[in-house]
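Residue numbers (this note's numbering), protein chains in the order written: chain A, 1 to 255; chain B, 256 to 512.
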Amino acid sequence: MPGALSSSNARMLISGLAVVVFLAVWEVAPRMGLVDVMYSSQPSRVMAAGLDVLRSSAFLHDVAVSFSEFAIGFPLAIAIGVPLGLLLGMFPVLRYVLDPPIMAIYATPHLALLPILVVWLGIGMESKIAVVFAGGVIPILVNCMAGVRGVERSWVLAARSFSAGKWDVFSKVILPASLPGVILGIRLGVSRAVLGVVVAEMYQSQAGVGNEITRYGSEFRTDYLLFYVLLVSVFGFAATWAVRALEEKLWTAGK
Amino acid sequence: MTVNSKASPVLLGVASFAVILLLWEAVVRLGWANPFFISEPSAIALSLIQAARSGELRHNLAVSLGEFAVGYGASVVVGVLAGALAGRFRIVEYILDPFLWFLYSAPLIAFYPIFVIWFGLGVPTVIAITFLLSVTQIAASTLSGIQNVNPGLIRAARSFGATERDLLWKVVLPASVPTMIAGLRLGIGRALMGVVVAELFGATAGLGFSIAYYGGLLKTTNMLASLIVIVVLGVVCTQALSAVEAQFDSWRTGPGS
């Protein structure tokens, strides 16, 4: 036990040290004239920019816009992806018909749809919600389908031979057993959805975090740009981590 | 019976594409939908033929594929190397860990203005974004592949006098290659995304650029034509790597087991 503890301590120490060294080099290199600070910025400048942004009134508005695009599009992706995935997993004929187009969409970078979605839905929030939905729904659907197909056949047969009805088989065997696939799909969908919000806003928008990134990018204000990038990374990381924690909880509850 | 049950999914799949195309064409022809928004398959086919004849398609395809090849190729070399080093030396793993996590969850496309100042507009920027998007996936999968090697097997091989080289070729690689190849496949998806999205923003040629360009002109037919080329490209790349993956699947048990 002390061995395990000290190895996780060593991990924290070395990882932390690597980050500190990276930040120090990043801070010092522009001061020594090795790189142009306009291109590379500096940790101290990014922090100053961050404080400045946090104090501004526009910040809350941007975050609210971006977050509501995510908060509408992603639940929509879950609400449609999960039932459709379960259905496709349970009925092979339906799967044979819909699987090829779904796989084709899965193999396509969903952000390539951006320009056409903007033509269809305009430059407002609708096109961003659509991109978030498109990014989230496909991994959710595919993994739900795989989850159902991975259910042990003998469990279904056992339930049936104890005279379980169709609904009982679904609600008591198939649904719980395919839950890991469902959650995995949601976890994979989250990061695609977060990327979708930001990139869609960067492409065409009037407000939001992505809009700020493009604006500061075109003004070459690298410090502000990096603060927003950091903000999105932290959000994406936190969302993925939350789903992963839920996943682990379900795993231990299932055992 | 077996032929029949094997053929029917393929048949149904082809039929479903055919039905989608027919419905799409019919909806526009019957005047239920405005072709300005959704175009129609026949017009898209015509525009594809036109683009192929004029050399526009070949040029865009060559640019995008070139960027993809360089960016993805570099990420395979760097990703596998970094993942292998991290798998072999724990200290390298600890050092790389926070950076991999950041790159994995960061919206890397947002760096394109900085890349444009560093490398210039167009091909180099697209390659940089492609590289960064796929390298994290490949490094992470290589690392987890190596970590999945059963330590009992390594101890057993050592106690029978295996050298470092024997260990690598006979124990570590066979056990880790399947996960690594899966990472290479996922990396292809991310690299393709990198090429297309980077071209939407900071490029002067390529398939993604042509989507954005025609989008600006509101020419839906030409946009959808480029989009369909990207869909086909995505399917072909993923299928190719799945075939490679199936080849290496026999390694899962290891030779001689």
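Don't be surprised by glycine CBs; every beta carbon is placed ideally from N, CA and C.
For Phe272(B), the nearest beta carbon of chain A is closer than 8 Å to its own beta carbon.
Look at Asp352(B): its C-beta is under 8 Å from a C-beta on chain A.
Shown here, Asp99(A) sits in a helix according to DSSP, grouped into three states. Using a Cβ distance threshold of 8 Å, Asp504(B) and Pro433(B) count as a contacting pair. Cβ atoms of Ala134(A) and Val490(B) stay farther apart than 8 Å, at about 17 Å.
With respect to chain A, the C-beta atom of Thr385(B) has no partner C-beta closer than 8 Å.
Residue burial annotation: Gln206(A) is exposed, with fewer than 16 other C-beta atoms found within 10 angstroms of its C-beta. Under the three-state reduction of DSSP, Met32(A) is assigned to coil, being neither helix nor strand.
With a cutoff of 8 Å on beta-carbon distance, Leu267(B) and Val97(A) are scored as near each other.
Counting C-beta pairs with one atom in each stretch, the segment 154-171 of chain A and the segment 215-222 of chain A have fewer than three that are closer than 8 Å, which means they do not touch. The three-state reading of DSSP puts Trp287(B) in coil, since its state is none of H, G, I, E or B. Proximity to Phe323(B) across Pro379(B), Ala501(B) and Met478(B) peaks at Pro379(B), based on C-alpha coordinates. At a cut-off of 8 Å between C-beta atoms, Val486(B) counts as an interface residue with respect to chain A. Within chain B, the residues placing a beta-carbon under 8 Å from that of Gly236(A) are Ser360, Ala361 and Pro362, ordered along the chain. In this structure, the CA atom of Met478(B) is about 19 Å from the CA atom of Ile275(B).
Using a Cβ-Cβ cut-off of 8 Å, Thr475(B) is close to Ile116 and Val119 of chain A, given in chain order. Taken atom to atom, the span from the alpha-carbon of Ile346(B) to that of Ala10(A) is near 9 Å. Residue environment: Asp62(A) is assigned as buried (16 or more neighbouring CB atoms within 10 Å of its CB, all protein chains considered). Out of Leu473(B), Tyr367(B), Gly334(B) and Ile372(B), the CA that lies nearest to the CA of Leu355(B) is found in Gly334(B). In the DSSP assignment, Ala159(A) falls within the alpha helix (DSSP H) that extends over Arg153 to Ser161. For Thr459(B), there is no enclosing alpha helix (DSSP H), since its DSSP letter is neither H nor E. Within chain A, no C-beta atom comes nearer than 9 Å to that of Ile299(B); the closest sits roughly 12 Å away.
For the options Glu152(A), Lys128(A), Phe227(A) and Gly189(A), the alpha carbon positioned closest to that of Arg244(A) is the one of Gly189(A). Any Cβ of chain B closer than 8 Å to the Cβ of Ile14(A) would place that residue at the interface, and such an atom is present. Per DSSP, reduced to three states, the secondary structure at Val404(B) is coil, with no helix or strand assignment. The Cβ of Arg11(A) sits closer than 8 Å to at least one Cβ of chain B.
In terms of CA proximity to Pro264(B), Pro101(A) leads the group Leu87(A), Leu34(A) and Pro101(A). Interface flag for Leu376(B) against chain A is unset, since no Cβ pair is found closer than 8 Å.
Residue-level contact check: Ser154(A) does not touch chain B, since none of the beta carbons of chain B fall below 8 Å from its beta carbon. Contact with chain B is absent for Asp62(A), since none of that chain's Cβ atoms lies less than 8 Å from the residue's Cβ. Each residue's CA atom was taken as its position, placing Pro353(B) and Ser15(A) some 6 Å apart.
Residue contact with chain B for Ala112(A): present (Cβ-Cβ distance below 8 Å to some residue of chain B). If only uninterrupted beta strand (DSSP E) runs of at least 3 residues are considered, none is enclosed by the segment 258-339 of chain B. Taking 8 Å as the cut-off, the Cβ atoms of Tyr327(B) and Thr391(B) do not count as close.
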